[in-house]
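Numbering (our numbering), first residue to last: 1222 to 1451.
All C-beta atoms in this analysis are idealised placements derived from N, C-alpha and C, irrespective of residue type, glycine included.
Being a predicted model, the structure only gives us computed values, none of them experimental.
Next comes the structure, spelled out in structure tokens:
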């Protein structure tokens, strides 16, 4: 019995040995690669640069003496003077004053008229006095002229029968009460048809504001008036 146990143990040992042999024969051979080369690192100590020297003080006097130079400035060029304005030469003779023409036009004009065709009545009351600060010179200004009906009543009969129109120019003096006086005939068109006498008769319908000099009205200033019949 004891011998049989020793024989069984030997058999098991042989089996284990055979298994290790088989594992050694069937395992592929592995080759070891060459080791990588060694890397050598040298550590160099860091050297801090020296700080720059401080700038010289502004109050310090440089070598050679004298104050520091002043800051430079750029000056723009001076503009050239403007040429003098051209001299205005007055005309040797003033332009003649055009007469004021009052009448009824056959067709409406592009500019508004003086509005002399209306009449009316009214009443009002009031009184007072005052003094204005302004002074100056001013020409005579028309306040009203003959209406269309008044001119039609003064139309010369022969010219009216022939359906002819005409005009005349008067030279009159403006009075302080706004009326005209001392009127005289300057010219008439067409001549010999009676338009000059008709214009003299129409002068009583005119009213003018007298001209002023230094703020005061002037009596007797001459004004030229034109009267026209279509």
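Around the beta carbon of residue 1389, a 10 Å sphere encloses 16 or more other beta carbons of the protein chains shown; the residue is thus reported as buried. Following the DSSP letters along the chain, one finds residue 1429 inside the beta strand (DSSP E) bounded by residues 1428 to 1430. Put simply, the backbone Cα of residue 1394 is about 12 Å away from that of residue 1362. The residue from 1445, 1386, 1409 and 1435 with its alpha-carbon nearest to that of residue 1401 is 1445.
Taking the Cα of residue 1399 as reference, the smallest distance to any Cα among 1428, 1234 and 1276 is reached at 1428. In this structure, 1448 is the residue among 1234, 1304, 1300 and 1448 with its C-alpha nearest to the C-alpha of residue 1386.
Relative to the Cα of residue 1372, the nearest Cα in the group 1416, 1236 and 1270 belongs to 1416. Note that the C-beta distance between residue 1406 and residue 1422 is not below 8 Å.
Going by DSSP, residue 1425 is part of no alpha helix (DSSP H) at all; its letter is neither H nor E.
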